[in-house]
Each structure stands twice: as structure tokens, then as C-alpha cells.
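Participant: Below: one structure in C-alpha cells.
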Amino acid sequence: MRPLNVLAASVAVAALTVAGAASAGTLDDVKARGVLRCVVSTGIAGFAYPDANGVWKGFDIDFCRATAAAVLGDPTKIKAVTSTGKTRFTLLNAGEGDVLWRNTTITFSRDVGVKLRFHGVNYYDGQGFMVKKALGVTCATQLDGASICIQTGTTTELNLADYFHANGMKYEAVTIETNDEARQNYISGRCDVYTTDASGLAATRSTFTDPDNHIVLPEIISKEPLGPATRQGDAQWSDIITWVLNATITAEEKGITQANLDSMKSSKDPEVLRLLGVEGSQGVELGLSKDWAYNIIKAVGNYGEIFERNIGVNTPIGLERGLNALWTDGGLQYTPPFR
Amino acid sequence: MSEGNTAAQSYAPGTHPDLPAPIRTTGPVAWVRMNLFSSPLNVALTLVAIGLLWWVMPPLFEWIVLDSVWTAESRKECWDKMEVPEGGACWAFIKDRLRLFVYGFYPQASRWRVNLSFVLLAMAVVPVLYDKMPGRKFGLWYAVAFPFIAGWLLVGGLGLTPVDTDQFGGILLTLIIGVTGISFSLPIGILLALGRRSKMPVMRILCVMFIEFIRGVPLIALLFIASSMLNFFLPPGTVFDLLIRVLIMVTLFAAAYIAEVVRGGLQGIPIGQFEAADSLGLTYVKAQMLIILPQALKISIPGIVNTFIGLYKDTTLVLIIGMLDPLGIGRASLADAVWAGLSREVYLFVALFFFVCCFSMSRYSLYLERKLHTGH
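If you read the sequences in order, they're chains B and Z. Taking our numbering, the leading residue of the first sequence gets 51, the next gets one more, and so forth. Taking our numbering, the leading residue of the second sequence gets -3, the next gets one more, and so forth.
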């Protein structure tokens, strides 16, 4: 038993010292390194994927670039730390990434149990169902007895069980590992229904030869707020990530785009002037340069532009703004004021 | 008259020229009879096999070759060019992503270093594999130096622009892990096997513990330890490259298996050989080097190559800790909405790559067995 105790104790000591080191200013580390390391996924349609030249693109990647533009003044100074659903939090907590922009649902256990800090929601998602039109199903309560393709080990599996139990319905689960597998199974008719986050359903549907013969049912059975995360215990770094996200949303509210950015510098709206660093000292208070938000919008545009470029209706993914519209347009995207 | 004929063609005993073998025992007809239709069961099996091939091959050939599209800018364009959407393979996707598959995220400007490493690798492999090559002694020394030369070329420093190892990916990554694992696990494995059979108790117990621990833990678990737990053991601030950690884990994993394969070979050597070596007055090292190991390794070749092939294919597991080998690159590329949905092409391409590598290894091991088959 004794050697084991010694081992356990040394692990604990090592863990504590690492934790101590990690809290010593992520901002300074990033500035010293000159590169921002974002924990991203190994590939989610529209959110993170490499192009033919190996350059990472997507909705989450653009937010990573926005962060790099704010902190380092250069959106190209990013490094994508690819992670799977299983390794994303350990990579972040072990200090191998500075911030996580990875299609990650904010939950109680991740915030409290995994000891992360979440900084707002950059995409409101929710679990939905896709069926073939030929089935004649128009709402989810008609799915009693259906065979359903579902990814194992995800929150969607639990949501599905809850939903069918609550409605007194039965289903046959066809468990699959990846989105591709689900696509093949669904097309070949092994399952009648495919369920996953609505954004994923839209992306999958866009790859069919006959997308018009499939519909996504109106019911959304879960809340999946996706947002960025950092390690606990670095308040300054947390503030930066929070306000990078807020800056993109505020910019959309105020109508600041990549195109009119420079003319907005002479706007009459004091909040616009504060955001763009013409007045006030908000960048400096964050530990960044005065024009941090200007750099963000110059690099990737406002929230709406990021959305439309990567996953909006004019992309192959073709997502509506829906819940992700500004609060002024009936959506949920709302930020505290820059004051 | 008939007598006359026989007289004309008579031969003295022993001088009759050889007649050709009966037609039924040579040539393609005989081969087919012997191999495909030698018994009613074989006739049935042959017919079933031909039927299966007839059923599977034409559509497959059509999909892979005849109806395939080689130039397109997107999945949509690919499908538009086919008679039926999805009716053929869209190889344009693989063509578009080929550089990503080969180099991963290696910086474009420095890719000549990867190409050079591939060439140097080929030059290092040849003298190791073929003993008839002229100047082989020099070649072997070069092969020993190769990992360090390639390491310098790929990682940089000392005059070259440094490239972070997390930029490595695709076939480059597979080759790095595969070649490192294969070349380092064999010597370590041999030492472990000898250690396990050693008469020194401490040495033996250490080797047994190591081998049994590694064999008792799945490679995925070891990779997880490498990717997430090792950081907590190391002093804070040490940056210990993830690729190095993975290389160490993969090498140790393969070494434990090689050790058991070689131990099997060692146990196949008759005790008389050990006694003969001892009676000649050879030291332990000399006895092993000159008498025991050459025989033991020869018996172990199939097992060793089997382990190597397994190791090579296991490199795809690094996907789970977020490193992008060809399979990972393929999956990541499938997330590009412009191409998404072409998973069959990706998996076929990756399968072909691994098949070519593993089949070559397997053929080489057969060649080696034949060459070393001196008979007992």
C-alpha cells in the first residue's frame, strides 16, 4: 500500500503545482508566445474544418481568429489544437490550449464539475429530428415505434430517451459513432429518423442527393447553448473572451460591418466610439490595445457576418438565424452594453 | 508394314527422347482442373465464387472507374457530371485534398523538407532490406543516422525554420509514427525478451512487470495517458511535445509485443544450442549474437512482421487524441460543406494506402523467410 500512497501524493502535488502555474496569466503567456492556441474540433461541418491548403475555417475558427485579432492584433496568429469530444476539456485544463471554441454545450456539470468557465453563447442549438417526407410524419409525437439513428455517448442520447419516455412512446435506437455513419444508415433506410443537433441535421441534409425529400421536424427537444470556455481562475482572460464575443454581437446591433468599419469611427453614437476605441479606455482596462474590437471586426466582421459566411442561408449548410438572431429581431443574441 | 514402321522408330534402350507430358497434367487446362474443379465440392465452391464475383465486381468497377469523376470543384459539380448522382466515385475530392492527405498542416514553403525526407527514407530502407546492395555497409550506417537527419529536417532548427510537430499530419504523421515505432521497438523488444529469460532476478522481474503491464493495457488507454495525464506528472512549465509522447508510447507498446514474439523464438531453440555455445567458451553476449539470436529471430519473422503491421495500422488510433493521420484528415475534410457526404471515397482511399503499405511488408517478410530458409 505504501508505494501507492507515495504515488498518489506525488500526483496530487504535481497536479497542484501545475494548476498553480496555469493560473499565472494566460494573456501574458499568449502575448509572449505570439500565437493563440484554440482548442477546436477535428471537423464539424460549418464550425471547424481544414480547407485544401490545410487552413482551418468555420464558425468556431472565426471566433478563434477574432480572439487572436483582439489579443495579438493579427487574426492569422492562431494554432488549432484539434480535439475530440473526449479530449477537449483535458487539453484545456492541462494548459495545451488557451481557449476552447469547439461547439461545446454549456451544462452545469461542465461548468462546475469539470471546472471550466463559460463566457456566453455563440450559437443556440437544440436537438431535432429529420425524416423522409415519404413517411408522411409532420410532428415528433407521430414517431412512436420508429427506428432512430443516434450518436452514442452524447447528450442527445439521453435527451431522446427522456423525450420518448415523457410522451409515452417507444423507439428502436440504431446507435452509430459518427455523423457519416448516421448519414449512410439513414439513406439506406436502416433508420427512419436521424436525431442530433439541428445545425448538424441541416448540414447532413445539405449533403443528400435529394435534400427536398427530407424534412427537419419543427420540435426541438433540448437546449444546446454552445459557447467558448476557459480554465477557471484567470479572471482577466475570462473577461477578454466574454467581451470578444460581446463585441461581435454589439457590432451587429450597431450596424458596424467589415465594410463600413472605418466610416463608423466618425459615428455620433458614443457606444460605437467606445467599442472602436475612439473614446474611452476599455481596451486598456482589458489589458489589450485601444483598437482591440476594431481589429476583431476588421478581421472577421460582426456576429451576423460570421454567421452568414460559415453557416448562413447562402452557404451549403443553409441555417436560418432563428434563435441566433439579435434580440431586436426576435432572437436570443443580446449583450450587455459597452459602458 | 507395321513391322517396318516399328523398325524405323526403334531406339536402343535408354535413348528414347522424352515425350511431352500428357496434356491433362500441364498447361492452363490442367491448372484449372487441379485447382478449381478437382472434386464436386470444389466445383460447387468455384461456381459460387464466380457467381459472387459476377455479382459484386461489375458494379464496383463501374463505381470506382467507369462512372467516376476526376475533375470538379465541389460535390455538387461532381454529382452533376454523373448520370445518376452518387452513381460513381468522386475522386476529384481526393485530388483536391491530396496535399492535405500527404503533408497534413505542414507549412507550404517548407514542404520540400518533407519530400526530401521521403526520398531519404527510401534510400535508408533499401540497404536495410536488401543485403545484395553494393556498398551496403555504408548504407547501414546511413540508415542508423537517418532518424536524426529526418528529425532535423522535419522539425527544423540549426538553420532551418522550426516547424511545430502539431502541424504534422496525414501520411507524413503515419510514416513518422510507423517508422519510429518499427525501428525502435525491435531492439527494445529483443532486449526485453532476453531480460525476461535472464537468470538475474531483478532484471527478469523488471522485464516481466513491464511486458505484462503494457500487454494488459489497451493502446488507446496508453495514448490517453500520453495525451492528458503525463502533463500532470511532469514539472510545471516543461513543454513535452505530444508527438514525442505518442512516439514513446507506441514504441513501448510494440516493444512489449515484440518481446513476447522473440521469447517464443528463443524457446524454440533446442537447449543443445545454448549448451554448445557455452561449451565453446563464448561469453553471454557473443553466444546470443552469434548462435542464439540469429536462429531465434529467423523463427520469429512471421510474428515480428505481424506485430509491425498491427503497429502500423494502430497509428490511426491517434485520431482519438486529436492528431490527424490520413483517416483523421479524411474525416476532417468531410466536415467541409463543399465536399461533405463523400465518405466512401475517403475511406477507400485511406484503405488503399494502408493496404499497399501492409501488403508490401507482408510480401517482404515472405521473401525474407524464403531467403533465410536454410533447413534443419
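Glycine included, C-beta positions come from ideal geometry on N, C-alpha and C.
Please classify Met(-3) of chain Z: does DSSP put it in a helix, a strand, or coil?
Facilitator: Below a pLDDT of 50, predicted positions are generally treated as unreliable, and Met(-3) of chain Z, at 46, falls in that range; the measurement from the model is reported next regardless. Reduced to three states, the DSSP call for Met(-3) of chain Z is coil.
Participant: Taking the DSSP output, what are the residues bridged to Lys107 of chain B?
Facilitator: The partner list for Lys107 of chain B (beta bridge, DSSP) reads B:Tyr99.
Participant: My assumption, with CB atoms under 8 Å, is that Asp242 of chain B sits in contact with Leu185 of chain B. Please give the rounded CB distance.
Facilitator: Between Leu185 of chain B and Asp242 of chain B the Cβ distance is about 6 Å, and since that is below 8 Å, they are a contact.
Participant: Please classify Gln383 of chain B as buried or exposed, where buried requires at least 16 neighbouring CB atoms within 10 angstroms.
Facilitator: Gln383 of chain B is buried by the Cβ-count criterion.
Participant: Does DSSP put Arg259 of chain Z in a helix, a strand or coil?
Facilitator: The answer is helix: DSSP assigns Arg259 of chain Z an H, G or I state.
Participant: In the DSSP assignment, find the unbroken beta strand (DSSP E) run with Ala279 of chain B in it and report its ends.
Facilitator: Ala279 of chain B -> beta strand (DSSP E) spans 279 to 281.
Participant: Under 7 Å Cβ to Cβ from Ser361 of chain Z, same chain only, skipping five residues before and after it: list those, please.
Facilitator: So the list reads Ile297, Pro298, Val301, once near-sequence residues are dropped.
Participant: For the segment 139 to 150 of chain Z and the segment 82 to 93 of chain B, state whether three or more C-beta atom pairs, one from each stretch, are separated by less than 8 Å.
Facilitator: Result no; under three Cβ-Cβ pairs closer than 8 Å.
Participant: Using 8 Å as the limit for Cβ to Cβ distance, is Ser73 of chain B near chain Z?
Facilitator: Only weak support exists for where Ser73 of chain B lies, its pLDDT of 46 falling under 50; the coordinates are left without a value.
Participant: My parser needs the beta strand (DSSP E) runs of 3 or more residues fully inside the segment 240 to 267 of chain B; what are they?
Facilitator: Here the runs fully enclosed are 243 to 247, 264 to 266.
Participant: Who are the near neighbours of Thr126 of chain B in its chain, counting only those whose CB is closer than 8 Å to its CB and skipping five residues on each side?
Facilitator: Excluding sequence neighbours, Thr126 of chain B sits near Arg115, Ala118.
Participant: Could you compute how far the alpha carbon of Lys340 of chain B sits from the alpha carbon of Val121 of chain B?
Facilitator: Rounded to whole angstroms, Lys340 of chain B to Val121 of chain B spans 11 Å at the Cα level.
Participant: Indicate whether the contact test is met: 3 or more Cβ pairs, each with one atom in the segment 251 to 259 of chain Z and one in the segment 179 to 190 of chain Z, closer than 8 Å.
Facilitator: Verdict: yes, contact present.
Participant: Taking the beta carbon of Pro320 of chain B as the centre, do at least 16 other beta carbons fall within 10 Å, making it buried, or is it exposed?
Facilitator: Label assigned to Pro320 of chain B: exposed.
Participant: Taking 8 Å as the threshold (beta carbon to beta carbon), is Leu320 of chain Z in contact with chain B?
Facilitator: Closer than 8 Å to some Cβ of chain B, the Cβ of Leu320 of chain Z qualifies, so yes.
Participant: Take the Cβ of Phe209 of chain Z as the centre, count every other Cβ of all protein chains shown within 10 Å, and call the residue buried at 16 or more, exposed below.
Facilitator: With fewer than 16 Cβ atoms within 10 Å of its Cβ, Phe209 of chain Z is classed as exposed.
Participant: Compute the Euclidean distance between the alpha carbons of Arg71 of chain Z and Gly147 of chain B, then round it to the nearest angstrom.
Facilitator: About 34 Å.
Participant: By DSSP's criteria, Tyr221 of chain B is part of a beta bridge. Which residues make up the other side?
Facilitator: Note: Tyr221 of chain B sits in a beta bridge opposite B:Ala196.
Participant: Kindly indicate which three-state DSSP category Cys189 of chain B falls into: helix, strand or coil?
Facilitator: In the structure shown, Cys189 of chain B sits in coil (DSSP, three-state: anything other than H, G, I, E or B).
Participant: Can you find a CB in chain B that lies within less than 8 Å of the CB of Gln263 of chain Z?
Facilitator: No, Gln263 of chain Z does not count as interfacial toward chain B.
Participant: Below 8 Å, can you find three or more Cβ-Cβ pairs linking the segment 161 to 178 of chain B to the segment 274 to 288 of chain B?
Facilitator: Segments in contact, yes.
Participant: If I follow the unbroken alpha helix (DSSP H) through Leu330 of chain Z, where does it start and stop?
Facilitator: Counting along the chain, the alpha helix (DSSP H) containing Leu330 of chain Z begins and ends at 322 to 330.
Participant: Between Val242 of chain Z and chain B, is there a C-beta pair that is closer than 8 Å?
Facilitator: Val242 of chain Z does not count as touching chain B.
Participant: What are the boundary residues of the beta strand (DSSP E) that His179 of chain B is part of?
Facilitator: The question names His, yet the displayed sequence has Phe at residue 179 of chain B. Per DSSP, Phe179 of chain B belongs to the beta strand (DSSP E) from 177 to 182.
Participant: When DSSP labels each residue in this structure, what does Glu370 of chain B get in the three-state scheme?
Facilitator: The answer is coil: DSSP assigns Glu370 of chain B none of H, G, I, E or B.
Participant: What number of angstroms, rounded off, separates the C-alpha of Tyr174 of chain B from the C-alpha of Val350 of chain B?
Facilitator: Cα-Cα distance, rounded: 20 Å.
Participant: Taking only runs that begin and end inside the segment 101 to 138 of chain Z, name each unbroken alpha helix (DSSP H) of 4 or more residues, in chain order.
Facilitator: DSSP runs (the alpha helix (DSSP H)) wholly in the segment 101 to 138 of chain Z: 107 to 125.
Participant: Are Gly372 of chain B and Ala253 of chain B close, meaning C-beta to C-beta below 8 Å?
Facilitator: In this structure, Ala253 of chain B does not lie closer than 8 Å to Gly372 of chain B by Cβ.
Participant: Would you decide whether Gly0 of chain Z is buried or exposed? Buried here means 16 or more other CB atoms lie within 10 Å of its CB.
Facilitator: Confidence is the limiting factor: at Gly0 of chain Z the pLDDT is only 48, short of 50, which leaves the residue's position unreliable, though a coordinate-based value still follows. Exposed is the call here.
Participant: Using alpha carbons as the reference points, say which of Z:Leu156, Z:Pro123, Z:Gly131, Z:Ser275 lies closest to Val110 of chain Z.
Facilitator: Comparing Cα-Cα distances from Val110 of chain Z to each of Z:Leu156, Z:Pro123, Z:Gly131, Z:Ser275, the minimum goes to Z:Leu156.
Participant: Might you give, ordered along the chain, the residues of its own chain that have their beta carbon closer than 6 Å to the beta carbon of Leu226 of chain Z, omitting 5 neighbours on each side?
Facilitator: Once the five neighbours on either side are set aside, the close Cβ partners of Leu226 of chain Z are Arg241.
Participant: Here's a check: name, in chain order, each residue in its chain whose Cβ is nearer than 7 Å to the Cβ of Leu32 of chain Z, leaving out the five neighbours to either side.
Facilitator: Once the five neighbours on either side are set aside, the close Cβ partners of Leu32 of chain Z are Asn38, Thr42.
Participant: Does the Cβ-Cβ distance between Leu93 of chain Z and Tyr99 of chain Z come in under 8 Å?
Facilitator: Just to set this straight, residue 93 of chain Z is Arg in the shown sequence, not Leu. The answer is no: Cβ separation not under 8 Å.
Participant: Would you identify the three-state DSSP class for Leu190 of chain Z, choosing helix, strand or coil?
Facilitator: Three-state DSSP puts Leu190 of chain Z in a helix.
Participant: Flag this pair as touching only if the segment 309 to 327 of chain B and the segment 357 to 372 of chain B have three or more C-beta atom pairs under 8 Å; answer yes or no.
Facilitator: Taking 8 Å as the limit for Cβ pairs, the verdict is that the segment 357 to 372 of chain B does not touch the segment 309 to 327 of chain B.
Participant: The alpha helix (DSSP H) with Cys88 of chain B in it runs from where to where?
Facilitator: That residue, Cys88 of chain B, is in no alpha helix (DSSP H); its beta strand (DSSP E) goes 86 to 91.
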